[in-house]
Amino acid sequence: MKKIIDGNYACSYVAYNFIEACGIYPITPSSPMSENIDVFSNVDKRLNYFKDRVKLYEMQSEAGAIALCHGLLQNGTFSSTFTASQGLLLMLPNMYKIAGEMLPFVINVASRSIATHALSIFGDHQDIYAARTTGFAIFLSSSVQQVMDLTSAVYLSTIDSNISFINSFDGFRTSHEYQKVNLIDLNEINKYINKNKIEEFRQRALYKNNVTRGTHLNDDLYFQLSEAHNIYYNKLPEIVEKNLEIVNKITNNDYHIMDYYGSKKAKKVIVAMGSVCQTIREVCDNSEEEIGLVEIHLFRPFSIEYLNKILPSTVESIAVLDRTKDSGEVAPLYLDVLNALKNKNIKVLGGRYGLSSRDTNIYDIKAVYDFLDQEDTFDNFTIGIIDDLNNKSLKPVRFVKKFNNQEEILIYGYGSDGMVSASKNIISIIGEKTNNYVQGYFEYDSKKQGGLTKSHLRISNDLIKSSYYVNEPKIVVCTKTSYLEKYKMLDNIVENGIFILNTNLTDEELNNYFTDNDKKIIKDKNIKVYKVNASKIAIDNNINGKINNIMSTIIFKFIEQVNFDDIIMSLKEMIKTKFKNKDSNIIDSNLKGIDQALNLLVLVDTSKFTLNGFDLKNDLYSKLLSKRGYEISVKEVLHHVDGTFWGGMNRKETRPVADFLPVYTSSNCITCNKCSYVCPHGVIRPFLITEEEKNNAPKYIQEKLINANIPGKNYYYIIGISYKNCTGCGACFNTCPGKMLKKALDMKSSKDALTEDFIKTNDYLFENIKDKEEVFNKYTVKGSQFISPAFAFSGACAGCGETPYLKLLTQLFKDELVIANATGCSSIYGGEAPATSYSIPWANSLFEDAAEFGLGLKLGETTKKEKIKEIISINLDKIKESEKEIYLEYLNNPTIDNSKKLLSIIDNTDIKELLEYKEDIMPKSVWIVGGDGWAYDIGFGGLDHVLATGSNVNILVLDTEVYSNTGGQTSKSTNIGSVNKFAITGCKQSKKNLAKYALTYENVYVAQVSLGANPNQVINAFKEAKEYNGPSIIIAYAPCIEHGLKNGMGTSEQETKEATLSGYFPIFRYNPIDKKFTLDSKSDFDKYEDFLMSETRYKVLEKTNPFEKDMLIEKNKEEAINRYEFYKNKMEKNNE
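Note that numbering that gives the first Met the number 0 has the sequence shown beginning at 0, numbered continuously upward.
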């Protein structure tokens, strides 16, 4: 049976058969494997080999997940887990134990980079290489089909050998690549599972035997037992080879622990592992030379005997490709091959490729084979980059393929426009309805929503081995007109190719958007450019923003290898099936959109295009922002070698992605600044204008000004919108109170909003009007918003519930603020390089250690402050009398004002030693920021310890009640009844009361805040926490796209208000200074169920678990009432 699946699905499909229970923890890109296990068990009710459904347990961290698995194994229960990168590193201590105890166990790893100079979610082999000394066998697959086939061999081998395995494949390139594969027959596989070994494992269960395990040994015994393991590892290659023969028999393949591919008379051979092997096979297929490949499957233990056995006797030179960076060391696979061939007269060179999913194509591989012919070869070469610093990189060698019947399609989409889904539909329909092979791979940037997506699609009559980006597209698709000005989309398009553009512009207008480079390509390669206003078709058919089926229809029209009429019929059937439980109007609207698509497709007359001198810039940041990082050389980034980038660089990146924009009408404005307060992206700003600025302003500004309503101050007022950075979420519009039922903000389509007056007005305000940050009390909603935020234009989702808190934090404490950010949503949209969102000191360490890391930052600052005071104290006699008072004020009270006074005279000080600490004089307010996944789960131990130290640090928990960054998995902040990943039938556990826990420390400032419930309370909590000389923690309720708000994320501020009014999330403040507990909200529990049912995460219980729905909702409410009563009683008790 053939099916269109990705590598994660292939692995979990097979793994499910062999396991009884698993401990898991979400991490990209491996999370879908665990999610699939959950679905197989709880939705599909699928049975495994043991005639049971797999039990899945989500733990608080990867360390917890593998510890759980260790316990399961010791109890005679077959277990597995799924992880990558930092997750695998957290498992290392237990891995040594599990391997040492000879337990049959598999960790399935979608291999990913390790965070070093920077975090990266993308793929290479750094993580599995870090585990190579644990005693785990390491096995790799290079394609989706191989993952499907070979995962069985791994499980059979761990059962037969009692040796634990890492089952690895490349993160993203294989884990998320869609291919048409043959599903393995698990019933056939089950016939070969060794029942005796199963029973032997059961009998080793701890509870069946009065034995002691995990003992302490001394020098007289430890060494011998370590060496006793050797006989098991020596047999393992033979055991794995035997099980591969079983797989070969069932799948009609020819897999081995190492596979040779290529000429039997090869003189040049590449040795490699993982997805690059598919690319190397393609080069071998298209070469006239005698070349070959050794694909390593069983990397640990490494079989010297087998490598020598399969190498052709004609081999003269070998290149070993490692997908890792061992700084100052020779790479692991290269060392293995060197050792294996040390007695042979073969030249062996080592090279590096593909770090962090760096694309490696056939031209890079051809460069390696050609390099082996040279006399002046060298080790540690690199491919796929431009290394002009170390001069170690090989230039790609282009060649023409002998066999090339692939159709390649490259689609540039916009996050949330549905084009990735459309691409998956395209390859699924073609793959399932025709005999063609298909491949789909999808690129994403780090934006949480609204970022660039690139879909790489291939269609062929033959098996597709091209495990690299599409580099010769016949069809290029673009869904945003603005991309024409930003990206090089046509550089690799083939002769007579097709370019399809979703736009509402005329041919004449398009002439101003295409770069000269693209115009030349269109002319020289005879490219046909088509345009369609798919967005308008969607609007006309009441499916606003959903252009995926419309664009799919047009793409199908130009694919030669399919019958258009048949495919469109299949597309329509798919839509009917997908929306069969929805309103029939949804189906009709989509079908009408499909029918209209081709009728509104227009061929652009490119003969009238003229060159106008417009091309993309070539400085470092321009290249990065326009996704041309592959053009950047090593030398160009030398000054960023430690991963440091300047803050606030996203001001250089404008993203005009909004379909709708707020338009300001000053006559309806009451100057409350609430629109600015709630804006998730800091794009809407109030401006105060002096009389002089008014007189100097153009008339179109003057006529819009109103009185600022600031007592005793003669300022004019106007709202400005940074329209090029707006996401169009509508939060400002939904919040605006307006006058006389007329709002001061109106959401209009971008085309209607972007009038000449609108553009001129807003450009003038942002470019010419200076901030007036001290005019109004900043500890008010109105006053805080006159301060320019040091966090803006982030890549967060439109309407994000987290970012308004962070923006406010920077407005209140900009001069003092330092942020230590836990990994998660807030670190991804906050620390994306080069488009950094913060203009204050900001750093991220790891997911699990943010609290400790932040404490270190604070203690480092404290140490420096003590040194400064010490230097001043012992040098008071050197200070001029006229300046002594300033020094003494700083010694007694180093406030911002006193620090500024000292800084104003420090350059002329006679205390020269003090100048070394000039940058450390200003006080710093350290804030540790993270989500509930960090605070409630993986980082809870550190958070607790930091609170217990009594140190003056502030903790801000952005509580979305779900793992937002990894895709919506349950956390310990998740409430009863909430349907999330790993809680398909509704969460059964109560939400952990983190605030109540923190309140057990009487010296900790504790607050819960809710953005829209009481804005002044939010500001007061921030102020009090910062001013308290001790630890503080603020838990901020943050609606998330995973909640499924009934009226969309543009109403997140209203949602926070309803959450508090209904009693779902009460707000309060506890200040240790006076031991006063203030409950800042009242709760109307009659509104409670209505609030829950306004969010999909609760409403969907009606479908996923109708039998327990009422019970779970009632229990949720009971818990809420108990929480509120606890806080109410505490207020009464503390304030007696």
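Yeah, the Cβ is synthetic: ideal placement off N, Cα and C, and Gly gets one too.
Environment of residue i [buried if 16+ CB atoms lie within 10 Å]
i      : result
Phe171 : buried
Arg201 : exposed
Phe377 : exposed
Val268 : buried
Leu764 : buried
Trp841 : buried
Ile230 : exposed
Thr933 : One detail in the question is off: residue 933 reads as Trp in this sequence, not Thr. Buried.
Ile542 : buried
Run of the beta strand (DSSP E) containing residue i, from where it starts to where it stops
i       : result
Thr381  : 380 to 382
Asn501  : 497 to 501
Pro685  : 683 to 688
Ala947  : Premise fails: Ala947 lies in the alpha helix (DSSP H), 939 to 948, not in any beta strand (DSSP E).
Gly350  : 346 to 351
Asp258  : 257 to 261
Ala1037 : Premise fails: Ala1037 is in no beta strand (DSSP E) and is neither H nor E.
Thr452  : 451 to 459
Val780  : Run containing Val780: none in the beta strand (DSSP E); it sits in the alpha helix (DSSP H), 780 to 783.
Val105  : 105 to 110
Residue i, enclosing alpha helix (DSSP H) - first and last residue
i      : result
Ala64  : 61 to 73
Lys571 : 563 to 577
Thr157 : 143 to 160
Phe17  : 6 to 17
Leu704 : Where Leu704 is concerned, there is no enclosing alpha helix (DSSP H), given that its DSSP letter is neither H nor E.
Cys674 : 673 to 677
Nearest residue (CA-CA) to residue i, options the options
i       : options                         : result
Ala118  : Ser445, Asn548, Tyr305, Leu456  : The sequence shown places Leu at residue 118, rather than the Ala named in the question. It is Ser445 whose Cα lies nearest to the Cα of Leu118.
Asp1089 : Thr835, Lys1116, Ser140, Glu304 : Lys1116
Ile390  : Val633, Lys485, Lys207          : Sequence check: residue 390 is Asn here, not Ile. Selected option, being the one with the closest Cα: Val633.
Asn548  : Gln560, Ile566, Asn562          : Ile566
Val293  : Leu220, Lys266, Asp1083         : Lys266
Lys194  : Asn589, Ala204, Phe222, Ile158  : Ile158
Val437  : Lys1132, Lys2, Tyr259           : Lys2
Leu599  : Thr609, Ser569, Met568, Ser534  : Ser534
Leu334  : Gly327, Gly349, Gly412          : Gly349
Ala64   : Leu46, Pro25, Gly75, Phe77      : Pro25
Pro893  : Ile786, Ile867, Ser420          : Ile867
Val925  : Lys900, Asn951, Phe939          : Asn951
Ser825  : Pro833, Cys799, Gln810, Asp284  : Cys799
Leu393  : Asp375, Glu61, Lys50, Lys750    : Asp375
9 Å Cβ cutoff met for residue i and residue j
i       : j       : result
Lys346  : Ser316  : yes
Tyr352  : Leu388  : no
Cys21   : Tyr48   : no
Thr514  : Leu500  : no
Glu801  : Gly985  : no
Glu406  : Ile558  : yes
Met418  : Met550  : yes
Leu143  : Thr173  : Reading the sequence as shown, one finds Val at residue 143 and not Leu. Yes, the pair counts as a contact, with Cβ atoms nearer than the cut-off.
Leu456  : Tyr529  : no
Lys693  : Tyr663  : no
Ile1034 : Gln1053 : no
Phe498  : Ile526  : yes
Ile927  : Ala821  : yes
Arg1068 : Asp1079 : yes
Asn843  : Gly855  : no
At 4 residues or longer, what runs of the alpha helix (DSSP H) sit wholly inside the stretch 284 to 309? 303 to 309
Every unbroken alpha helix (DSSP H) inside the stretch 600 to 669 [4 residues or more]: 619 to 624
Complete beta strand (DSSP E) runs within the stretch 708 to 760 (minimum length 3 residues, chain order): Fully enclosed beta strand (DSSP E) runs of 3 or longer: 715 to 720, 744 to 748.
May I have a chain-ordered list of the beta strand (DSSP E) segments no shorter than 3 residues that lie completely inside the stretch 952 to 1035? 953 to 958, 1004 to 1009
Ranges of the alpha helix (DSSP H) found wholly within the stretch 871 to 948, counting only runs of at least 4: 880 to 891, 895 to 904, 939 to 948
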